[in-house]
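Everything on this sheet refers to the single structure shown next.
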Amino acid sequence: MYNHNLIEKKWQKKWMDDHVYDFKDDLTQPKAYILDMFPYPSGQGLHVGHPRGYTATDIFARYKKLTGYNILHPIGWDAFGLPAEQYAISTNNHPKEFTNKNINHFRVQLQKLGFCYHPNKEVNTTDPNYYRWTQWIFTKLFEHDLAEIRDVDVNWCEQLGTVLANEEVLNVDGRMVSERGCFPVVKKPMRQWILKITKYADKLLDGLNEINWPEHLKAIQRKWIGRSAGAIIKFKISEEITLEAFTTRADTIYGVSFIAIAPEHPLAKKLIKSKYKNTCEQYIADTKTKSELERKVNSKEQTGVFTGTYALNPINNKQVPIYICDYVLMNYATGILMGVPAHDERDFNFAKKYNLPINFVIEANDYEHPYLDDGIHINSNLINGLNNLDAQNKIIEYLEANKLGQKEVFYKLKDWLFSRQRYWGEPFPIVFDENNNPHLVKDLPLILPECINFKPSSDGKSPLASLDDWVNITIGNKKYYRETNTMPQWAGSSWYYLGYLLKQNDGSYLPLNSEKAKKIFKRWLPVDTYVGGQEHAVLHLLYARFWHRFLYDIGIVPTKEPFNEVINQGMILGPNGEKMSKSRGNVINPDEIIISHGADALRVYEMFMGPINTTLPWNDEGINGVRKWLDRVYRYYESRLNTISENSCDKELEYQYHLFIKNVTENIDKMNFNVAISDMMVFVNAMYASKEANFTYMHNFLIILSCFAPHLADELHEMIGHKGFCLFNAKWPSYDPKKLVLSKINLPVMINGKHRDTILINNNASQEQALKIALNSEKIKAQVGNNKIKKIIFVENKILNILI
């Protein structure tokens with residue numbers, strides 16, 4: 000058993016002292032940008048689930064380097080955000096101190112795992128040199144009318160003192176609570192910065208066709224953006240009030256049996272008749288306690304309350320009852336929908352519940368259930384006999400000609416709420432004049448000022464609002480006040496892959512808009528392979544794509560999309576099959592595994608567990624088995640030191656070597672790391688089985704092993720005579736296809752379908768030749784005896800089956 004603690008510390012020190020992993024751009028080599036979704040440095044540090052994706056990118060980056068690519072494989076810290084601030088509030092310590100302590104801990108943990116990250120490319124989103132350019136991007140968004148202040152209803156959490164995104168709100172016993180801490184959340188109107196991501200909805204959709212992402216990931220993005228092409232139809236109530244309902248099925252207008260309006264719609268309360276006032280107002284109040292996510296769930300029962308008011312269907316002048324319904328959202332389309340129970344499942348269930356008419360306007364074989372497919376229209380004077388598309392086009396033409404509606408496109412995607420009422424974030428480079436008009440601050444970075452009270456005020460103002468000397472300023476004899484909200488954590492993570500490219504050895508950053516930066520972007524973009532968790536399948540990727548496409552539109556970056564390939568690694572669960580968490584007591588600390596088994600064993604085990612995108616439980620026997628295999632590799636090299644030869648006469652080992660190089664190369668290229676490890680195990684068996692110890696085979700095996708177990712590989716490489724040379728700078732071995740053709744092969748022989756012997760025959764031998772050799776085998780002779788051979792089944796180079 001080798002001493003992993005000594006070996007791993009030895010090589011980590013050498014790599015650092017010799018600057019082996021420092022980034023250097025060799026323009027004669029093609030580029031490979033291999034990126035991890037960078038971590039938030041929490042106080043808990045890494046558990047064994049975190050390194051899975053990092054190990055995958057490390058193996059792939061090393062492989063690319065060995066195959067002649069100039070690699071960029073950086074790491075950094077997504078270090079602004081809520082956890083550090085909550086710690087600051089509870090302990091009265093500055094979040095910067097807590098964050099830096101966590102970063103140092105994470106950095107040490109990653110170094111212990113032997114990752115080939117570039118120390119001269121590390122970024123930190125809380126570094127003013129970095130967030131200067133976060134602020135600069137915001138100024139450009141503002142200048143292009145993509146950033147503005149609006150009064151909007153937000154999810155307000157009093158205890159956390161901040162606005163929460165819908166995804167950060169849970170529904171517990173019918174009430175909204177924060178995902179972090181389970182504190183009460185209410186809807187509250189506030190003045191917020193908004194980024195108009197909806198203006199980029201079509202570009203974000205189109206861009207999905209240009210990238211090599213898994214289809215399920217593209218589908219998630221498309222669903223989130225949610226493009227709906229349809230029509231707005233006007234339902235008149237009185238001379239003063241007209242409701243504008245959005246529908247994607249204008250062809251079903253003759254089948255409308257109710258109108259559904261969002262509880263928060265400005266017209267909702269105006270529609271309520273006195274008889275229904277108490278019921279409706281209570282329903283509206285109850286809706287405010289529900290999260291938007293809960294209201295959107297299709298599987299739940301749809302509810303509503305009748306307002307007492309009717310609208311006129313513009314196509315046939317029939318009266319239609321109006322209901323206030325919580326499943327209708329004000330921030331989607333117009334906040335008003337037309338209900339067609341015969342041709343929509345949700346509307347069908349609603350109509351059944353409230354005893355509303357179900358009017359079929361498309362021929363169906365079954366009139367007991369909603370008909371959702373294409374068909375011939377009936378009971379629809381203007382469009383009888385037409386199919387769905389033709390009927391829709393004709394109805395929209397009629398509505399537009401008579402000013403009763405028009406074509407329209409809406410998106411589920413909402414503009415990006417970009418404000419936090421918190422301290423620990425990027426300050427907005429904005430000041431307001433006495434008329435509350437916003438103006439950009441040109442001198443960047445605008446440094447986050449020192450603060451001693453990190454808790455937001457009871458009225459929802461940021462801690463920065465209490466810093467009078469910082470907030471209130473005079474510029475040219477005019478009084479201004481600063482924006483006291485800060486940017487969300489998403490801001491710094493939306494462009495960090497560019498930050499790595501701009502980072503200089505002295506800690507500064509090239510100007511994002513400089514010609515030198517543009518030249519670097521042209522060389523390195525897009526990111527070739529991006530690996531991270533499924534939890535970022537929507538928001539992070541969507542926001543980063545938005546910012547990147549905007550930077551493309553203003554001439555900063557040369558590509559429309561930032562990430563060519565995205566891979567979501569699966570989770571590692573606790574030994575009990577549950578998600579790892581301190582509360583469940585099933586967290587496996589990688590530091591302890593490194594001490595007991597070694598970093599190399601942890602790296603190899605996490606890749607050997609299964610395909611990179613699968614979720615699997617931790618297994619102590621698995622890590623033990625991998626460590627035993629690494630010990631076996633070490634013993635082989637140690638035991639062959641005195642018998643290593645440059646020459647080889649073992650044709651079987653030669654064949655196994657070239658087959659190994661071929662298979663392992665193909666599998667690493669496809670990121671099938673678990674199969675690649677199996678390839679290595681098979682070849683180690685072949686080396687043990689041979690009487691020879693071939694230097695070339697042993698040397699090249701270590702080059703491949705160095706991707707997975709770099710410490711052990713460099714140690715064994717030094718053991719066989721290469722002192723002072725790190726395999727990181729080696730060249731990937733090639734195979735000779737001619738060597739994959741064996742002159743002799745082992746052919747299994749079966750009697751009546753049961754394996755009885757294996758014979759050595761010439762490659763591509765005929766049936767007659769194989770049978771002759773088989774019948775000379777003592778084992779086969781004993782089985783056949785005096786029996787007559789009834790039939791021969793022969794598959795060349797595969798099998799011989801003798802039926803008697």
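Taking numbering that gives the first Met the number 0, I'd label the letters of the sequence shown as residues 0 to 803. Every residue, glycine too, gets a C-beta built ideally from N, C-alpha and C. The structure displayed is predicted, hence computed values, not measured ones.
Helix, strand or coil for H72 per DSSP?
coil
Which residues mark the beginning and the end of the alpha helix (DSSP H) in which D224 is found?
Note on residue identity: the sequence assigns Ile, not Asp, to residue 224. Its alpha helix (DSSP H) spans residues 214-224.
Have a look at P94, N103, L81 and flag the residue whose alpha-carbon is nearest the alpha-carbon of V451.
In the sequence under discussion, the amino acid at residue 451 is Ile, which differs from the Val named in the question. If we check each option's Cα against that of I451, P94 comes out closest.
Over what stretch of residues does the beta strand (DSSP E) that includes V153 continue unbroken?
146-156
Give the DSSP bridge partners of N123, in chain order.
W76
Please check the pair L447 and P462, which I expect to be a contact at CB under 8 Å, by giving their CB distance rounded to whole angstroms.
About 11 Å; that fails the 8 Å criterion.
Strictly by DSSP, which residues pair up with N800?
M749, I792
Looking at I703 and I660, is the spacing between their C-beta atoms short of 9 Å?
yes
R190: buried (16+ other C-beta within 10 angstroms of its C-beta) or exposed?
exposed
So what does DSSP say about N761, is it helix, strand or coil?
strand
When the Cα of R174 is compared with those of E665, I667, T288, P213, which residue comes out closest?
T288
Residues in the same chain with beta-carbon distance under 7 Å from S298, minus the five sequence neighbours each way, listed in chain order, please.
Note that S298 scores 48 on pLDDT, short of 50, meaning its location in the model is unreliable and no value can be drawn from it.
Can you check whether the CB of Y309 is closer than 9 Å to the CB of W415?
no
Considering K187, what are the terminal residues of the beta strand (DSSP E) in which it resides?
184-194
Pick from P561, K797, A55: whose alpha carbon is nearest that of P610?
A55
Between the alpha carbons of Y479 and E433, how many angstroms are there, rounded?
6 Å
Three-state class that DSSP yields for L726 in the structure shown:
helix
Cross-strand partners of M337 (DSSP beta bridge)
I258
For I719, name the three-state secondary structure that DSSP assigns.
coil
Compute the Euclidean distance between the alpha carbons of P589 and A341, then round it to the nearest angstrom.
58 Å
Under the assumption that I791 contacts L770 (Cβ atoms under 8 Å), give the Cβ distance between them as a whole number of angstroms.
6 Å
Tell me the rounded alpha-carbon separation between I70 and P616.
32 Å
Mapping the DSSP letters down to three states, classify L439 as helix, strand or coil.
strand
In angstroms with no decimal places, state the Cα-to-Cα distance between I676 and D16.
30 Å
Could you tell me which of W423, A400, L412 sits nearest to Y199, measuring between CA atoms?
L412
Collapsed DSSP secondary structure at D57 in the structure displayed
helix
I need the straight-line Cα distance from F417 to L140, nearest angstrom please.
12 Å
Once you ignore the five residues that flank I74 on each side, which residues in its own chain have a CB closer than 7 Å to its CB?
D35, F37, L109, Y116, E121
Let me confirm a value: G723 is counted as buried when at least 16 other C-beta atoms fall within 10 Å, else exposed. Which label applies?
exposed
Skipping 5 residues on each side, what residues in its chain have a beta carbon closer than 6 Å to that of G42?
N101
Applying the 10 Å Cβ sphere with the 16-neighbour rule, what's the burial state of V319?
buried
Environment of Y687 [buried if 16+ CB atoms lie within 10 Å]
exposed
Proximity to R221 [Cα-Cα], best of G569, L746, R626, L204
L204
Outcome for K12 when other beta-carbon atoms lying within 10 angstroms are tallied against a minimum of 16
exposed
Buried or exposed for S705, going by 16 or more other Cβ atoms inside 10 Å?
buried
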